[in-house]
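Just add 413 to the spot in the sequence shown (first one is 1) and you have our numbering.
Ideal placement from N, C-alpha and C gives every residue a C-beta, glycine not left out.
One structure is given below, encoded as structure tokens.
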Amino acid sequence: MTTWRIVLILTAALPALSFAVHADEAVPPQTTAQPAATTQHATAAQPETTAQPATTGQQAVPPSPMTTGAITTEQPAPSAVLIEVRSKLTALPTGLHEKELADQTALTDFYAARDGKPLWTTDTGITAKALLLVSELKNADAYGLAAKDFQLSDVPESETAAQTTEAAANAELQLSLAALKYVRFARGGRITDPADQLNSNLDRRPQWVDPKLVLEQLATSTAPDAVLRGYQPKHPQFEKLRELYVKALPTKPNAPLSASAKRLRANMEMWRWMNEDMGAMYVLNNIPEFMQYVYKDGKIIRSERIVAGMIDKQSSIFSRPLKYVVLRPQWRVPESIKVNEIWPSLIRGGGYMRQYALELESKDGKRLDWRKFDWVKTDIRNYEVVQPSGPKSVLGKVKFTFPSQHTIFMHDTPDKWMFRSAQRTLSHGCLRVQKPMELAELILMEDKGWDKAKVAELNRSGPLNNEVVIDKVIPIHLVYFTVWVGDDDRQKIFGDIYGHEKRVTQALDGDWDKIKKGRNHLAPVPPINTSAVAARAPAAVNRALPRSAQKGATMSDILGSAFGLGN
């Protein structure tokens with residue numbers, strides 16, 4: 414038989430064959446007119462495919478979904494408990510904190526997309542997986558949290574506890590809400606905004622996690638207890654504090670925490686606010702300890718003393734990346750010092766300008782002669798006062814800049830006597846660093862590959878106010894830890910100089926009304942009374958300084974101390 418006759422016969426037979434196949438699948442007749450069927454017919458008409466005998470001998474085999482467009486799997490219908498859970502989610506309270514509302518939204522989306530059974534409950538009780546979750550929630554105290562914060566009153570204690578549909582839905586919701594709440598608290602969410610709720614200088618935030626991600630992990634994991642523990646801080650110091658905290662927990666039920674346990678708990682809480690990745694290389698300044706540590710690859714490669722802000726002019730607690738190492742730096746006098754110290758001095762003849770080699774600039778950087786102004790009629794806020802690099806410089810030889818709203822930086826100082834004090838709260842906020850050129854050498858070697866000789870040459874004869882841009886991410890952390898556990902597992906305790914530990918403890922105890930926030934150091938500066946400024950006598954030596962320090966003080970000492978040198 415010729416090829417063209419075979420083609421004619423097959424072409425005539427295919428429609429009937431297609432109808433028979435679709436009839437066996439119980440597909441309504443109109444589906445045979447779908448484009449997919451037409452495509453199949455056109456393909457079968459090609460000479461190279463029509464010669465396959467298996468095509469006509471396998472009519473009892475169901476066609477693939479790609480051929481017919483039919484769905485071969487069905488999604489299981491939601492159980493009565495799942496339907497009840499969805500209903501209860503619509504009735505949850507509103508007016509909560511935004512993170513609690515985010516949990517509710519995530520749960521609504523999660524259960525709306527879930528088919529078949531709930532996550533934690535069955536028709537006869539709760540799952541073995543749920544029991545693991547309950548066990549970890551009840552163990553929350555061992556991580557500095559409180560098991561009583563997680564509501565589990567509707568959760569049965571076994572896999573075979575009989576319960577109604579409504580009771581099962583209540584248990585399901587309590588478990589899911591408790592799990593999300595645990596994660597929020599593990600990430601520091603008991604105090605949602607430390608700067609607003611405790612003190613404006615405590616510029617930290619909880620390390621929030623998307624609740625949708627948490628629910629996905631809980632749904633796919635067979636170990637929900639491990640999922641929860643995985644959200645606790647990974648910092649080695651946190652774990653050392655936790656081990657001491659567990660030993661300090663009271664043995665009697667409902668007994669209050671000791672002062673030592675509360676101190677450990679407060680420090681653990683402040684670790685929850687730290688970034689999990691502190692940096693491959695970073696600088697950690699522990700303010701209560703008055704010490705600076707440089708870490709690289711998890712190990713300390715330098716440690717030196719620092720001077721921190723006075724009690725009423727605190728060094729703020731925050732983290733920012735290092736932007737510049739400034740060699741032979743110029744000091745730009747802060748506005749508060751310009752108004753309260755320099756301006757009265759200018760009105761009375763400008764003694765400070767001469768004594769400390771200060772210079773006047775326009776806002777665009779043009780050098781001006783301060784002697785040619787009538788300072789009774791001139792507002793100093795319209796100008797800049799700077800101190801160029803030199804032997805009288807209050808910044809010394811180097812400055813480290815990591816910009817923030819707090820206008821704090823680290824720098825050298827000619828006031829070496831300050832490092833001999835035990836409590837070094839002596840600046841107006843900025844950190845004075847002992848042996849700062851060694852710190853500059855470490856950083857510039859890491860970032861630029863410069864050796865000590867290169868840095869020394871720039872420091873000796875390089876450009877004035879030489880801002881060396883730092884390309885690598887080298888975080889500067891100003892932290893506030895009043896307890897530090899050494900490698901020997903012994904704890905060092907430092908004074909709560911700014912009261913942050915006390916405020917954190919009061920918040921965790923629920924004593925919010927007892928917290929004394931102090932002044933907001935970022936609040937707008939009130940209008941200046943120029944008449945009062947004109948009548949004010951310029952400041953002299955700071956009488957709060959030790960007598961020995963006053964006696965041997967240089968002009969830079971007096972400027973750095975009386976002016977505060979910080980913000």
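8 Å Cβ cutoff met for residue i and residue j
| i | j | result |
| --- | --- | --- |
| residue 863 | residue 855 | no |
| residue 620 | residue 603 | no |
| residue 916 | residue 928 | yes |
| residue 898 | residue 514 | no |
| residue 699 | residue 896 | no |
| residue 543 | residue 537 | no |
| residue 824 | residue 808 | yes |
| residue 489 | residue 522 | no |
| residue 556 | residue 645 | yes |
| residue 614 | residue 716 | no |
| residue 579 | residue 497 | yes |
| residue 687 | residue 709 | no |
| residue 568 | residue 596 | no |
| residue 821 | residue 793 | no |
| residue 872 | residue 735 | no |
| residue 789 | residue 746 | no |
Identity of the residues DSSP links to residue i by a beta bridge
| i | result |
| --- | --- |
| residue 628 | Paired residues: none, contrary to the question. |
| residue 738 | 813 and 881 |
| residue 644 | Answer is none; residue 644 lacks a bridge partner. |
| residue 708 | 695 and 713 |
| residue 840 | 722 |
| residue 846 | 719 |
| residue 799 | 745 and 772 |
| residue 823 | 813 and 844 |
| residue 615 | 730 |
Rounded C-alpha distance that separates residue i from residue j
| i | j | result |
| --- | --- | --- |
| residue 629 | residue 678 | 30 Å |
| residue 760 | residue 844 | 31 Å |
| residue 829 | residue 811 | 15 Å |
| residue 492 | residue 559 | 34 Å |
| residue 768 | residue 879 | 24 Å |
| residue 874 | residue 643 | 52 Å |
| residue 624 | residue 696 | 32 Å |
| residue 901 | residue 836 | 25 Å |
| residue 876 | residue 867 | 13 Å |
| residue 564 | residue 617 | 28 Å |
| residue 885 | residue 692 | 10 Å |
| residue 832 | residue 705 | 12 Å |
| residue 506 | residue 851 | 57 Å |
| residue 714 | residue 707 | 6 Å |
| residue 870 | residue 648 | 39 Å |
| residue 439 | residue 504 | Note that residue 439 scores 39 on pLDDT, short of 50, meaning its location in the model is unreliable and no value can be drawn from it. |
| residue 631 | residue 776 | 57 Å |
Whole-Å CB distance - residue i paired with residue j, under 8 Å assumed
| i | j | result |
| --- | --- | --- |
| residue 675 | residue 918 | 5 Å |
| residue 612 | residue 913 | 6 Å |
| residue 816 | residue 733 | 7 Å |
| residue 657 | residue 663 | About 14 Å separates the two Cβ atoms, so there is no contact after all. |
| residue 738 | residue 883 | 6 Å |
| residue 546 | residue 690 | Actually they are not in contact, since the Cβ atoms of residue 546 and residue 690 sit about 28 Å apart, beyond 8 Å. |
| residue 981 | residue 800 | Nothing can be reported for residue 981: it is not among the residues displayed for the chain, which extend from 414 to 980. |
Spatially closest choice to residue i from the options, by CA coordinates
| i | options | result |
| --- | --- | --- |
| residue 364 | 687, 796 and 566 | Outside the modelled stretch of the chain, which goes from 414 to 980, sits residue 364, for which no answer is possible. |
| residue 609 | 945, 942, 935 and 794 | 935 |
| residue 541 | 634, 627 and 586 | 634 |
| residue 796 | 728, 865, 841 and 786 | 786 |
| residue 938 | 813, 750 and 586 | 750 |
| residue 554 | 508, 682 and 586 | 682 |
| residue 718 | 745, 849 and 922 | 849 |
| residue 910 | 727, 847 and 782 | 727 |
| residue 659 | 673, 648 and 647 | 673 |
| residue 509 | 744, 594 and 712 | 594 |
| residue 549 | 518, 592 and 847 | 592 |
| residue 626 | 724, 607 and 518 | 518 |
| residue 804 | 791, 605 and 827 | 827 |
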